[in-house]
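Working notes for the structure below.
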Amino acid sequence: MPQYREFKKLDLPQIDQEILTFWNKEKIFQKSIEGRSEDQSFVFYEGPPSANGKPGIHHVMARTVKDLFCRYHTMKGQRVERKGGWDTHGLPVELKVEKELGITKDDIGTKISVEQYNLECRKAVMRFKEMWDDLTRKMGYWADLDNPYITFTNDYIESVWSLLKILHSKKLIYKGYTIQPYSPAAGTGLSSHELNMPGAYKDVSDTSAVAQFEVINDEKSAAIFEGNAAGGLYILAWTTTPWTLPSNVALAVGQKINYAKIATYNPYTKEPVNLIIAEDLLSKWFKQDQAEADYESYSSEDKLIPYKMLGNYSGSELEGLRYHQLLPYVQPVDGDAFKVVTGDFVSTSDGTGIVHIAPSFGADDMRIGRQNGLGSLTLVDKQGKFVDEVTDFAGRYVKDYKDEENYRDVNIDISIKLKEENKAFNVQKYKHNYPHCWRTDKPILYYPLDSWFIKASAFRERMVELNNTINWKPTHTGEKRFGNWLENLQDWNLSRSRYWGTPLPLWRTEDGTSEICIGSISELTAEIKKANDILGLTQSVPEDLHKPYIDEVILVSGDGQAMKRESDLIDVWFDSGAMPFAQWHYPKANHEIFKNNFPADFICEGVDQTRGWFYSLHAIGSMVMDSVAFKNVVSTGLVLDKDGVKMSKRLGNVIDPFETLSKYGADPTRWYMMTNAQPWDNLKFDVAGVEEVRRKFFGTLYNTYSFFALYANIDRFSFEQSYIPLKQRPEIDKWIISLLNTLVSNVDRDYADYEPTNAGRAIQSFVEDHLSNWYVRLCRRRFWKGDYNQDKISAYQTLYECLETVSKLMAPIAPFFGDWLYRNLNQASGREKYESVHLALIPNVDEASVDKALEERMDYAQRISSLVLSLRKKESLRVRQPLQKILLPILDQRFKEQVQSVEDLILSEVNIKEIEYITDTAGVIKKRIKPNFKTLGRKLGKDMKAAAQAIEGLTQNEISEIEKSGNYNLSINETNYQLSLEDFEISADEIPGWQVASDGDITVALDITITDILKSEGIARELVNRIQNIRKQNDFDVTDRINVAISDHELVQNAVHSFSEYIKTEVLADHLKLSSEVTGHEVELVEDVTINVLASRV
RNA sequence: AGUCUCGUAGCUCAGCCGGUUAGAGCACUACACUGAUAAUGUAGGGGUCGGCGGUUCAAGUCCGCCCGAGACUACCA
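Residue numbering for the first sequence follows our numbering, beginning at 3 and increasing consecutively.
Next up, the structure:
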């Protein structure tokens, strides 16, 4: 018969190795997929990582979550394919290459050809693939590494194009311009990624100005002009970028904000003026004494400038007012201008409550401009200089972009001009947070740039609707973070002016009248042929669809004009969001596969992907398929260092995943990550925690298995006897099986609900607290004592079943150890046909074996034992010393019956002869009464406090009265309340004359009298213990029989005399004798008494 | 700056519908145990549950404000 494998010690990294080799050799991963039917599929999408950087410990986190649910569903009998993937395009790749080559974006096309550059990117992008694959294997992440999808392949690009074509044909793709961060110093637009680089936002001190915009007196404004004091009527607007003032086309007010009209004098020109400003902000610009000063008697020499209130207007009343252009260099031709509009973003937290609008230089401004049909002015060029039309400032940089010598801030000069022309109300330095270009360290500006867009906003409501059907873990990420984002969804800026990425498949005629979107290579082939024919060219489809080759392709419009490709690339997020389609090269191929694999049942990535991959998947799914792209999504938190600080190379607190895996093994790492905190909370990663998991959980489980293996091998237990019905098993077996089934049911539910932490913790608590620390400890003797009888077989079967079930339940989180344990059991017993736990199924719950009453009484047994042990401890009575009895007050019959049926367990656990149950006769037990707040609170309300006091003051007699009659009449503040037994919590408090210990409603007293016979038995047990130690020291086998000789000391005489048989059985001795001449080990029996013991093998 | 999340013992975390001694593990201290032993048990110290206010008979739990940490978003003028 095969033996259960036995080990010297627990070596988890070694187990990883062994199981990895086994998986490889037997192709377990493939079998786990192929063994499941295709119509039982569970669809998982792998979010593609970028292999141009090394994997970190946080990747182990997300991948553990991914892996465990895929494994779980496999073990539920589903077919779970996991196609790996690589994200290969995009800015991070380009930046890295540029850094390595020591070039900047400007050098591309000059110092290095685009061809060469893209070649470098292509080389760089898979640089760490091997390392990633290695990590994947070592951490036990099952994914198909041999057939990954790769975003830079022609097939992938073709699929992406086909999606764009679908969107294009739905008229969802348009060219427009948006306001984007732009670095005049570097001459390039910046991505939000670049703007989010650390240090990009800096506190800077800028010249800010409050400008006076003079309102035109016309029909519309007549009402506002009414009651004016001397001087013109001006609206005040504040800006930190005076250089945008020449491009001003509107002023925005808040619809619901209240504005005041006041009369005062301009602080620079001293001219009388009427000003409009948000009422709440008056105090920001005017002091109390200015309000109190007399407006009429002001003269220009006075220091104090008075003001007086003239009227109040709401924002809506101001809407539509016209004003004279502030700095009339150029007027817009593409729309209306110089009027007051309303904007929802206007607040009164800063400035004047009125916002100056220059659509070319602000995203909000642009948006509000579009909404109101405003024109725009762009009086600054791409170098950041004023254009010629701005006569007096023409050619001057709006910020110091070039480190010019004697650079003079043009904003100051503009402010001076405004002051002189009675157009400035206030000019001062203002400190604020402003983004800077990470490369040049110069302030960026926001500039209108041409872009291609997807009209995602048209699907806003549908996306929100679909999102509500997605199961998000945690909920708030989906409802709040993602949901809020969708509700404010803007169009998707698709284009990127870069080099290494999927080219936009759009060709346009010079004048923009004709455009074509290419959706496939065959279409491109046809179009090229057409162009060749008409334009007389000899081009062909490029072998590589990237720049620069694709840019060389000229197509032809319906009317015979040449069409050139729009030179932009597409956003990489579109690449990754296209993976449900593109990973199968759909729609060019694999229609059936695609149909079976859309949408995903489950995806998982870090929270940082909420607006990234999660969004791009969702958006494309919604727009193209009118469907969610995934049904369940887990977003994992960040992995921080043990002090809660983000890991970074700079701080040197980065944890190398390979080191952790090889030192502790994959399973403890995974287990720690899943059970220490919910995976969506940030994890403070501390290797000490991994070590603790290894020791406590894996160590305990290993010990339990080792214990089982040791005795099962001796008894040659291999589960060959038929399964003993639970009814015929001892109480404790039924109990652990009941707990086990409860565990299976909970864990199965938790896994199904994407709650790995609860699942792991439940398994851990079962193994540590119940299986090892209670079941095995109490049952030890059943395994090593006596014949191979029904009781023993029952013990083996029970323990085996627990271990086997645990191996299955833990396998999703700890795939190596789970499989190792399963195989160790199964190979010896041959109980199941599966060669790996990952091919097995999560066991079914046997509802019939769950016995809550049994679980309750075992809980009593544990608590009572614990109380007795603590009493022993207080009295310094070691457990080996038997004691006669414990006293247990009983409050109701059920409790007594429950305890009685576990009495034996308690007695042997705490080494006591009997339990004396004491009922409440003659007031032996003193009781304590407490109100049951839950039931009483509802009844009594305000009287609760007084009632609690009254109840706690009840006498022993009154308490017994309540117990007997079952009700009590309580009168509080002249109100009578009829209370019943359930409104009280009565428990035993003390037994006068005895030492007691209590835990909740259980109270125990211990009889500490030691009779002679008890004392002898105690000594006998001490002897057994010493002899066992000697056996062990001598390296006897646990089954060896021995002869024993003991010094003839008076202390041991009685013990040996009365308990000879007991001692002999315990230590497997054939003979036991007392002798005056013993040459064995010298051992201390009790304090100050030393005897000699000789144990020799028969 | 906004949105979201979090704040419970020295550390990592539980704490369900609000209900009265606020728990567990680690660490620390002491004492036991030792046919599972690179384990284990018992006991002990350690908390104004981030702060303030509110709702309620009752708040760690619900509400508001503030402080602190983090993530995401951001030209708020």
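For every residue, glycine included, the Cβ atom is placed at its ideal position computed from N, Cα and C.
Residue i, DSSP secondary structure in three states
{"i": "ASP136", "result": "helix"}
{"i": "MET649", "result": "coil"}
{"i": "PHE215", "result": "strand"}
{"i": "ILE1029", "result": "helix"}
{"i": "GLY371", "result": "helix"}
{"i": "PRO681", "result": "coil"}
{"i": "ALA293", "result": "helix"}
{"i": "ASP1072", "result": "strand"}
{"i": "SER1098", "result": "strand"}
{"i": "VAL630", "result": "coil"}
{"i": "TRP474", "result": "strand"}
{"i": "GLY397", "result": "coil"}
{"i": "ILE105", "result": "coil"}
{"i": "PHE46", "result": "strand"}
{"i": "TRP502", "result": "coil"}
{"i": "THR807", "result": "helix"}
{"i": "LYS2", "result": "Within the shown structure, residues of the chain are numbered from 3 to 1100, placing residue 2 beyond reach of any answer."}
Straight-line Cα distance separating residue j from residue i
{"i": "ALA1047", "j": "ASN1056", "result": "15 Å"}
{"i": "LEU823", "j": "ARG779", "result": "20 Å"}
{"i": "HIS772", "j": "TRP144", "result": "32 Å"}
{"i": "TYR790", "j": "TYR802", "result": "16 Å"}
{"i": "GLN680", "j": "PHE699", "result": "18 Å"}
{"i": "THR874", "j": "LEU1053", "result": "One detail in the question is off: residue 874 reads as Arg in this sequence, not Thr. Rounded to whole angstroms, ARG874 to LEU1053 spans 23 Å at the Cα level."}
{"i": "VAL62", "j": "ARG672", "result": "8 Å"}
{"i": "GLY646", "j": "VAL656", "result": "12 Å"}
{"i": "LEU174", "j": "MET627", "result": "14 Å"}
{"i": "GLU512", "j": "TYR261", "result": "50 Å"}
{"i": "ALA564", "j": "VAL348", "result": "47 Å"}
{"i": "PHE710", "j": "PHE819", "result": "16 Å"}
{"i": "VAL1085", "j": "ASN775", "result": "29 Å"}
{"i": "GLU467", "j": "VAL609", "result": "21 Å"}
{"i": "ALA254", "j": "PRO330", "result": "19 Å"}
{"i": "ARG2", "j": "LEU447", "result": "Outside the displayed span of the chain (3 to 1100) sits residue 2, for which this structure offers no information."}
{"i": "THR393", "j": "PRO589", "result": "57 Å"}
{"i": "SER223", "j": "LEU451", "result": "36 Å"}
Bounding residues of the alpha helix (DSSP H) (the contiguous stretch that carries residue i)
{"i": "GLU992", "result": "Counting along the chain, GLU992 falls outside any alpha helix (DSSP H), though it belongs to the beta strand (DSSP E) covering 986-992."}
{"i": "ALA754", "result": "733-754"}
{"i": "GLY178", "result": "First-last for GLY178: 175-185, but that is the beta strand (DSSP E), not the alpha helix (DSSP H)."}
{"i": "ILE520", "result": "Unbroken run through ILE520: none, as it is neither H nor E."}
{"i": "ILE908", "result": "905-912"}
N- and C-terminal bounds of the beta strand (DSSP E) containing residue i
{"i": "PRO544", "result": "Counting along the chain, PRO544 falls outside any beta strand (DSSP E), and DSSP gives it neither H nor E."}
{"i": "TYR236", "result": "235-241"}
{"i": "ASP452", "result": "447-456"}
{"i": "ASN428", "result": "426-437"}
{"i": "GLU298", "result": "Where GLU298 is concerned, there is no enclosing beta strand (DSSP E), given that its DSSP letter is neither H nor E."}
{"i": "PRO257", "result": "The sequence shown places Gln at residue 257, rather than the Pro named in the question. Segment: none, GLN257 is in no beta strand (DSSP E) and carries neither H nor E."}
{"i": "ILE110", "result": "That residue, ILE110, is in no beta strand (DSSP E); it is neither H nor E in DSSP."}
Only counting runs of 4 or more residues, tell me where the alpha helix (DSSP H) segments fall wholly within the segment 547-626, in order along the chain.
-> 574-579, 581-584, 593-598 and 615-622
Would you say the segment 430-439 touches the segment 335-351, given that touching needs at least three Cβ pairs under 8 Å?
-> no
Entirely enclosed alpha helix (DSSP H) segments - the segment 815-892, minimum 4 residues | 817-831 and 854-876
Specify whether the segment 205-219 and the segment 476-483 touch according to this definition: at least 3 beta carbon pairs, one from each stretch, less than 8 Å apart.
-> no
Starting from the N-terminal side, write out each stretch of the beta strand (DSSP E) that is 3 residues or longer and does not extend beyond the segment 263-347.
-> 274-280, 310-316 and 341-344
Would you check if there are 3 or more beta carbon pairs closer than 8 Å linking the segment 307-317 to the segment 381-396?
-> no
Quick one: which unbroken beta strand (DSSP E) runs of 3-plus residues sit fully inside the segment 924-970? Chain order, please.
-> 928-933
Cβ contact (3+ pairs, closer than 8 Å) linking the segment 844-854 and the segment 954-968 = no
Determine, using beta-carbon pairs with one atom in the segment 875-892 and one in the segment 905-913, whether at least three such pairs fall under 8 Å.
-> yes
Sufficient close CB pairs (3 or more, under 8 Å) joining the segment 78-98 to the segment 136-155 | yes
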